[in-house]
Structures are given as structure tokens and as C-alpha cells.
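To get the working numbering, take the position in the sequence shown, counting from 1, and add 902.
Where a beta carbon is used, it is the ideal one built from N, C-alpha and C, also for glycine.
Because the structure is a prediction, the values reported are computed rather than measured.
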Amino acid sequence: MLETTLTQPAKPAYCSKSLPQESEDEQKPVETVLRMPTQDELPCDDGVPMESQRHRLQIQLLIDSLQPWLAQQGSGYVGGNMFLYFSRQLFENPNFKGPNFFVVLGVPQVERKSWVVWQEEGSPDIVIELLSESTAAIDKGEKKTIYQDNLKVWEYYWFDPFNPEDFVGWKTNEKWVYQKKAFDAQNRLISGQLGLALVRWEGVFNGVKAIWLRWETLEGELLPTPEEYERQRAERLAAKLRALGINPDELG
903 MLETTLTQPA KPAYCSKSLP QESEDEQKPV ETVLRMPTQD ELPCDDGVPM
953 ESQRHRLQIQ LLIDSLQPWL AQQGSGYVGG NMFLYFSRQL FENPNFKGPN
1003 FFVVLGVPQV ERKSWVVWQE EGSPDIVIEL LSESTAAIDK GEKKTIYQDN
1053 LKVWEYYWFD PFNPEDFVGW KTNEKWVYQK KAFDAQNRLI SGQLGLALVR
1103 WEGVFNGVKA IWLRWETLEG ELLPTPEEYE RQRAERLAAK LRALGINPDE
1153 LG
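In C-alpha cells form, the structure reads like this:
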């Protein structure tokens, strides 16, 4: 679901399910139509649900923990399960709907309906796909080729939420060919673009106990979600009060 040539269609108030159509009076020869559609004119939802609750939660965990960290850096966009438009030739391809998770560095942190490469003048720096029985072959084949050859994504990872051993990372070399990343001594994959690590963490997130893919610093500190951050802050405050001889549980 990628771009087509349109001539000044009216912008919908919300993302559309289908592309706006030209009237006969508005149609022009293809070679004279230069303007490309924006995110307001392109579909950003196909109504297809996520593979499973765990897939949805995994995307949420990756986004919720990285967004505050990126905000501290001052720029950068994190997207999840949203359309990505980049190529006229692939416009009719129903298999490519964009990454499960991606990061673009050095761009404003504003809301977007979809990522439109020609509008943003840039493509993702990091992509993570969550494997499933229905998507694994595409994620490991066709999408890997698209990220390497078409979008020039610096780092590509895939992870199976129900089979955590299937966790692989790729990085580009000087010829823009993917090379497989090696795990470090802590069994992590390091993102050179972010200066962070991706680690498999066993724990409970939103009531589901599983092995989750998480971000952590190179020193081994997990990037907390906002809820985890608030809980940790409350625990630190309680510890300080107890050190002063005050029982925080007795405070109103």
C-alpha cells in the first residue's frame, strides 16, 4: 500500500480506508502529474487486527519504553504497526504494509497517520518485525530485501514473541548489504544507531508473563515504561522516607 499519482484531492478529516479517486475532469497524463500524495490523502488503516495480544503488547512495550528516552535526546520518531509509503512500483503490493516497529532519528516528534518517505524526505533507521506463522516467510525474505535495497534501513531485527530464540539482527555494510549481527557477552544485540541494547527479558507486562524484547542501556539498565518509571520513583521516595525514620505507609 504505497503511493499513487493524485491531483489535488480533498483532504479527509481522518485517515481513509481507500484512496481518493480523480474525476474525469481532474485526470491528467501521468507524465504531467508531479505532486505526490501526503499522509492525509493515503490510507492508514486496513482493519486487519494484530496477530495476537502478545504481538500488540510487544509493540506497546518497545514504543512506551523508547519514547521517553528519545524525548530526552531531543528528536526522533517511534512508530508501530503503521503504514509506510515509499515506492510507486510496490503500491499494489498487499503484503507490504509497513513495519511492526520502527525508529527514525533526527526528525520532529509529532503525530503522524503513516510514514510517507517523500513527504518526510527520509526512511526508518531501525526496523523490528514480530514474526508469526503467517508473516515469518515475508519478514525474513521480501521485507528484508525491501529494507536493505529500497528503504536503506541501517538496522533490521526480527523477533518471534512465541519463540524468543528466533531473534536475529542485521546491519548494513559499506556496500549496503545486510550482515548478521553477533550477540554480545550478555546475549544482547547492540543497536549502533541508538547506542542501546535489545535484550530478551522474562517478566510480566500488562498482566502477561512472557519473554519480552526490551531496550536497555549498554550498562544493563532497562529503559522503563512510564508506569515502571513512576513505580520506581515512588519506591525511591519511600526508601528515603524510611531512612529518615518516617513510615510512608502511615502518611495520608
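Going by DSSP in three states, residue i sits in which element: helix, strand or coil?
i, result
"Arg1116", "strand"
"Arg1133", "helix"
"Leu1124", "strand"
"Leu1139", "helix"
"Lys1077", "coil"
"Lys1111", "strand"
"Thr1051", "This sequence places Asp at residue 1051; Thr is not what is there. Reduced to three states, the DSSP call for Asp1051 is helix."
"Lys1045", "helix"
"Val1106", "strand"
"Lys1083", "coil"
"Leu1096", "coil"
"Val1101", "strand"
Kindly indicate the opening and closing residues of the beta strand (DSSP E) around residue i.
i, result
"Ser1093", "1091 to 1093"
"Glu1067", "1065 to 1074"
"Gln960", "Per DSSP, Gln960 belongs to no beta strand (DSSP E); it is in the alpha helix (DSSP H), 955 to 975."
"Ile1040", "Careful: Ile1040 lies outside any beta strand (DSSP E), inside the alpha helix (DSSP H) at 1038 to 1042."
"Glu1031", "1028 to 1032"
"Val1005", "1003 to 1006"
"Val980", "979 to 982"
"Asp1062", "1057 to 1062"
Assign residue i to one of two classes, buried (16 or more other C-beta atoms within 10 Å of its C-beta) or exposed (fewer than that).
i, result
"Leu1139", "exposed"
"Asp927", "Here Asp927 scores only 47 on pLDDT, less than 50, and its place in the model should not be relied on; the value that follows carries that caveat. Label assigned to Asp927: exposed."
"Arg1116", "buried"
"Ser977", "exposed"
"Pro1001", "buried"
"Asp1041", "buried"
"Lys1046", "buried"
"Leu964", "buried"
"Leu1153", "exposed"
"Val1006", "buried"
"Pro1063", "buried"
"Glu1129", "exposed"
"Gln974", "exposed"
"Gln960", "buried"
Between which two residues does the alpha helix (DSSP H) containing residue i stretch?
i, result
"Ile1148", "Here Ile1148 belongs to no alpha helix (DSSP H), and DSSP marks it neither H nor E."
"Glu1022", "1019 to 1022"
Measure the alpha-carbon distance for residue i versus residue j and round it to whole angstroms.
i, j, result
"Asp1086", "Ile1148", "44 Å"
"Glu1057", "Glu1013", "23 Å"
"Leu1098", "Thr1119", "5 Å"
"Asp1068", "Glu1123", "23 Å"
"Lys1018", "Ile1113", "Checking the sequence, you will find Val at residue 1018 rather than Lys. Roughly 33 Å separates the two Cα atoms."
"Tyr987", "Ser1016", "8 Å"
"Gly1094", "Asp966", "20 Å"
"Asp1051", "Arg1135", "44 Å"
"Glu1022", "Thr1074", "22 Å"
"Gln1088", "Asp1151", "38 Å"
"Val1110", "Met984", "24 Å"
"Trp1020", "Leu1146", "58 Å"
"Arg958", "Gly1043", "22 Å"
To the nearest whole angstrom, what separates the beta carbons of residue i and residue j, a pair I think is in contact under 8 Å?
i, j, result
"Phe1061", "Pro1026", "Actually they are not in contact, since the Cβ atoms of Phe1061 and Pro1026 sit about 16 Å apart, beyond 8 Å."
"Gly1071", "Lys1083", "4 Å"
"Val1079", "Arg1090", "Contact doesn't hold; Cβ gap of about 23 Å is too wide."
"Gln962", "Val980", "The pair is not a contact, with the Cβ atoms about 11 Å apart (cut-off 8 Å)."
"Ser1034", "Glu953", "4 Å"
"Ile1030", "Tyr1059", "5 Å"
"Leu1096", "Ile1028", "7 Å"
For the ligand SAH, any of its heavy atoms closer than 7 Å to the Cβ of residue i?
i, result
"Thr1047", "As far as ligands go, the structure on display features none, and thus does not contain the ligand SAH."
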